[in-house]
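Just so you know, the sequences run in chain order A and B.
Position in the first sequence counted from 1, then plus 14, gives you this note's numbering.
Position in the second sequence counted from 1, then plus 5, gives you this note's numbering.
Ideal placement from N, C-alpha and C gives every residue a C-beta, glycine not left out.
Note that the structure is a prediction, hence the values are computed from the model and not measured.
Presented below is the structure to which this report refers.
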Amino acid sequence: MYAFDIERPTTIADAAKALSGEAQALGGGQTLIPTLKARLADPGTLVSLSGISEMQGVCMSDAGEVCIGGGTTHATVAAEATAYPALAETASHIGDPAVRNRGTIGGSLANNDPSACYPAAALASGATIITNAREIAADDYFQGMFTTALDEGEIITEVRFPVPEKANYQKFVQPASRFALVGVYVAKYADGVRVAVTGASEEGVFRWTEAEAALTSNFSAEALDGLSVSADGMIGDLHGSADYRAHLVKVMTGRAVSAAA
Amino acid sequence: MTQVSMTVNGKAVSGDAEGRTLLVQFLRETLNLTGTHVGCDTSQCGACVVHVNGKAVKSCAIFAAEVEGAEVTTIEGMANADGSLSKVQQAFQDHHGLQCGFCTPGMVMSATALLGENPNPSEAEIRAYLEGNICRCTGYHNIVKSIMAAAGQDTSKIAAE
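Below, the structure is given as structure tokens:
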């Protein structure tokens with residue numbers, strides 16, 4: 015690692031101040047620390063967000079949304095987001111137990127890894143990403159692989175999830191890394207079904223709108239029968255070709271619908 | 006360099022650390038507690054698992070500065086006060102839950118964390134919990150058996166392999 019200083023603010027306001035220069039925010043560090051070790055980042059100053067208690071924990075908003083502090087670990091979401099079981103279940107399968115004790119929802123969404131689980135959950139749920147400056151709808155937030163609507167130094171302080179009638183996430187794990195080779199999150203709301211796919215596209219997480227339309231009129235795996243997913247723009251690598259990933263999108267969507275129904 | 010203070014295995018300790026000093030470096034190089042191992046250094050293998058405020062974490066994926074003021078337990082702190090082995094350690098010895106032994110500190114720390122959360126885990130739950138702990142001797146079978154024994158379970162139920 016290149017040398018850097020660490021700051022540990024205890025309030026969002028102090029963290030925002032510390033991030034106003036060239037500094038880099040540090041969530042749980044489960045992605046950033048390996049990145050630093052590989053000397054792929056040279057931040058000068060890291061601002062650790064783990065000491066900010068106002069950014070931690072799970073609660074319910076007055077509007078009935080599950081609110082999760084940006085600094086909340088996956089383990090805490092798995093244990094405490096009981097009002098939204100599919101989300102808790104998703105969190106309980108990210109990484110491994112030690113990673114879940116450190117990794118945070120804000121860190122995962124800010125990084126927007128194309129194979130991460132939380133971007134699919136947030137996009138399929140129509141979540142709202144709350145920062146120290148504004149509120150961003152999930153549909154506007156994800157802007158491609160490792161790219162988001164966040165400005166430099168902007169901090170995810172909270173994520174709000176409307177609770178669906180039914181939901182499920184199916185992850186086809188890449189057997190070495192255990193990241194999603196393809197993961198599909200299906201959420202059924204009163205006004206329609208949303209389907210978000212991670213791991214598959216070179217553009218990062220995306221909504222499969224044809225499946226959403228079909229599932230909104232008939233919420234069953236059979237509703238997908240006539241649909242196909244194009245391999246154009248899908249990731250192809252040694253773990254799976256673009257065609258294979260496109261195929262998996264439909265298979266995992268069907269499994270998620272069956273498990274949710 | 007800044008001064009970092011924490012409690013390690015019940016003892017208040019402090020020492021100098023750079024921003025980039027990992028907890029595992031602080032434990033091994035500053036405190037000379039070399040029981041915690043570095044296997045992969047890319048947070049895959051789990052040989053470096055310790056407990057921070059009671060939770061299993063990979064000490065190669067957390068900075069010493071982030072642990073300021075915390076309670077840390079390492080493999081050196083696992084034995085009972087009279088020096089006898091903890092239930093988990095004793096079970097690893099009794100059931101030969103190791104081959105070369107390199108991954109053992111992390112396995113014992115993860116197993117102890119598991120039994121803290123779930124005192125009576127199934128074989129499948131044990132295997133799932135150990136997802137982040139890799140044994141390159143592939144000696145998982147006796148590791149799982151040891152953890153079942155530490156939980157007071159009948160190890161004859163585990164499939165012979």
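First and last residue of the uninterrupted beta strand (DSSP E) at residue i
{"i": "asparagine 147 of chain B", "result": "Taken as a continuous stretch (DSSP letters only), asparagine 147 of chain B belongs to no beta strand (DSSP E), being part of the alpha helix (DSSP H) at 145 to 155."}
{"i": "glycine 121 of chain B", "result": "Where glycine 121 of chain B is concerned, there is no enclosing beta strand (DSSP E), although the alpha helix (DSSP H) it sits in stretches over 109 to 122."}
{"i": "methionine 74 of chain A", "result": "72 to 74"}
{"i": "serine 19 of chain B", "result": "16 to 22"}
{"i": "alanine 181 of chain A", "result": "180 to 187"}
{"i": "glutamate 71 of chain B", "result": "Looking at the DSSP string, glutamate 71 of chain B is not in any beta strand (DSSP E), and its letter there is neither H nor E."}
{"i": "glutamate 79 of chain A", "result": "79 to 83"}
Where residue i falls: helix, strand or coil (DSSP)
{"i": "arginine 33 of chain B", "result": "helix"}
{"i": "serine 62 of chain A", "result": "strand"}
{"i": "alanine 130 of chain A", "result": "coil"}
{"i": "glycine 254 of chain A", "result": "strand"}
{"i": "phenylalanine 97 of chain B", "result": "helix"}
{"i": "glycine 42 of chain A", "result": "coil"}
{"i": "isoleucine 163 of chain B", "result": "coil"}
{"i": "methionine 11 of chain B", "result": "strand"}
{"i": "aspartate 28 of chain A", "result": "helix"}
{"i": "threonine 230 of chain A", "result": "helix"}
{"i": "arginine 192 of chain A", "result": "coil"}
{"i": "glycine 51 of chain B", "result": "coil"}
{"i": "histidine 107 of chain A", "result": "coil"}
{"i": "glycine 82 of chain B", "result": "helix"}
{"i": "valine 207 of chain A", "result": "strand"}
{"i": "alanine 138 of chain A", "result": "helix"}
{"i": "glutamate 236 of chain A", "result": "helix"}
{"i": "serine 244 of chain A", "result": "coil"}
Distance between residue j and residue i (C-alpha atoms, nearest Å)
{"i": "tyrosine 98 of chain A", "j": "threonine 7 of chain B", "result": "42 Å"}
{"i": "glycine 83 of chain A", "j": "threonine 35 of chain B", "result": "34 Å"}
{"i": "glutamate 172 of chain A", "j": "alanine 163 of chain A", "result": "15 Å"}
{"i": "glutamate 57 of chain B", "j": "threonine 78 of chain B", "result": "Before going further, note that residue 57 of chain B is valine rather than glutamate in the sequence given. Cα to Cα, valine 57 of chain B sits roughly 7 Å from threonine 78 of chain B."}
{"i": "methionine 159 of chain A", "j": "proline 128 of chain A", "result": "5 Å"}
{"i": "glutamate 226 of chain A", "j": "glycine 102 of chain B", "result": "49 Å"}
{"i": "serine 139 of chain A", "j": "tyrosine 132 of chain A", "result": "10 Å"}
{"i": "aspartate 257 of chain A", "j": "alanine 235 of chain A", "result": "21 Å"}
{"i": "serine 191 of chain A", "j": "threonine 86 of chain A", "result": "23 Å"}
{"i": "cysteine 73 of chain A", "j": "aspartate 19 of chain A", "result": "33 Å"}
{"i": "threonine 12 of chain B", "j": "asparagine 37 of chain B", "result": "15 Å"}
{"i": "glutamate 157 of chain B", "j": "glycine 74 of chain B", "result": "The residue asked about is misnamed: residue 157 of chain B is glycine in this sequence, not glutamate. Cα to Cα, the separation comes out at about 35 Å."}
{"i": "alanine 69 of chain B", "j": "histidine 88 of chain A", "result": "21 Å"}
{"i": "glutamate 149 of chain A", "j": "isoleucine 143 of chain A", "result": "6 Å"}
{"i": "proline 111 of chain A", "j": "valine 54 of chain B", "result": "10 Å"}
{"i": "leucine 33 of chain A", "j": "valine 61 of chain A", "result": "7 Å"}
{"i": "methionine 114 of chain B", "j": "glycine 206 of chain A", "result": "46 Å"}
{"i": "alanine 204 of chain A", "j": "leucine 229 of chain A", "result": "12 Å"}
{"i": "leucine 46 of chain A", "j": "glutamine 95 of chain B", "result": "37 Å"}
{"i": "glycine 65 of chain A", "j": "alanine 29 of chain A", "result": "10 Å"}
{"i": "serine 67 of chain A", "j": "isoleucine 170 of chain A", "result": "14 Å"}
{"i": "valine 187 of chain A", "j": "aspartate 87 of chain B", "result": "45 Å"}
{"i": "aspartate 76 of chain A", "j": "threonine 90 of chain A", "result": "21 Å"}
Neighbour flag for residue i against chain A, beta carbons, 7 Å
{"i": "alanine 66 of chain B", "result": "yes"}
{"i": "threonine 47 of chain B", "result": "yes"}
{"i": "alanine 96 of chain B", "result": "no"}
{"i": "tyrosine 134 of chain B", "result": "yes"}
{"i": "alanine 69 of chain B", "result": "no"}
{"i": "glycine 137 of chain B", "result": "yes"}
Any chain B beta carbon closer than 7 Å to residue i
{"i": "phenylalanine 18 of chain A", "result": "yes"}
{"i": "asparagine 125 of chain A", "result": "no"}
{"i": "glycine 43 of chain A", "result": "yes"}
{"i": "threonine 116 of chain A", "result": "A small fix is needed here, since residue 116 of chain A is arginine in this sequence, not threonine. At least one chain B Cβ lies under 7 Å of arginine 116 of chain A."}
{"i": "isoleucine 365 of chain A", "result": "As shown, chain A starts at 15 and ends at 275. That puts residue 365 of chain A outside it, with no answer to give."}
{"i": "leucine 23 of chain A", "result": "Note on residue identity: the sequence assigns proline, not leucine, to residue 23 of chain A. Proline 23 of chain A does not count as touching chain B."}
{"i": "isoleucine 47 of chain A", "result": "yes"}
{"i": "methionine 159 of chain A", "result": "no"}
{"i": "methionine 292 of chain A", "result": "Lying before the first or after the last residue shown, residue 292 of chain A is absent from chain A, which here runs from 15 to 275."}
{"i": "methionine 15 of chain A", "result": "yes"}
Residue range of the alpha helix (DSSP H) that includes residue i
{"i": "arginine 114 of chain A", "result": "111 to 114"}
{"i": "isoleucine 170 of chain A", "result": "Per DSSP, isoleucine 170 of chain A belongs to no alpha helix (DSSP H); it is in the beta strand (DSSP E), 170 to 176."}
{"i": "asparagine 125 of chain A", "result": "119 to 125"}
{"i": "arginine 132 of chain B", "result": "128 to 134"}
{"i": "glutamate 76 of chain B", "result": "It is not in any alpha helix (DSSP H) - glutamate 76 of chain B instead sits in the beta strand (DSSP E) that spans 76 to 78."}
{"i": "valine 91 of chain A", "result": "88 to 94"}
{"i": "tyrosine 291 of chain A", "result": "Past the boundaries of the shown model lies residue 291 of chain A; chain A is included only from 15 to 275, so the question cannot be answered."}
Closer than 6 Å: residue i CB and nearest the ligand FAD heavy atom
{"i": "leucine 229 of chain A", "result": "As far as ligands go, the structure on display features none, and thus does not contain the ligand FAD."}
Positions along the segment 53 to 74 of chain A whose CB lies within less than 7 Å of some CB in chain B: Within the segment 53 to 74 of chain A, the residues whose Cβ lies closer than 7 Å to some Cβ of chain B are Leu60, Ser62 and Ser64, listed in chain order.
Could you run through the segment 7 to 41 of chain B and flag, in chain order, every residue whose CB is less than 7 Å away from some CB of chain A? From the segment 7 to 41 of chain B, only Glu23, Gly24 and Arg25 have a Cβ closer than 7 Å to chain A.
With 7 Å as the C-beta to C-beta threshold (strictly closer), list the residues of the segment 51 to 63 of chain B near chain A in chain order. When CB distances to chain A are screened at a threshold of 7 Å, the residues of the segment 51 to 63 of chain B falling below it are Gly51, Val54, Lys60, Ala61, Val62 and Lys63, in chain order.
Could you run through the segment 93 to 117 of chain A and flag, in chain order, every residue whose CB is less than 8 Å away from some CB of chain B? So the close ones are Gly109, Asp110, Pro111, Ala112, Val113, Asn115 and Arg116.
The segment 108 to 134 of chain B: positions lying closer than 8 Å to chain A by Cβ: Those would be Ser115, Ala118, Leu119 and Tyr134, in chain order.
Between the segment 169 to 200 of chain A and chain B, which residues of the former have a C-beta closer than 8 Å to a C-beta of the latter? For the segment 169 to 200 of chain A, which is checked against every Cβ of chain B, the residues closer than 8 Å are Arg192.
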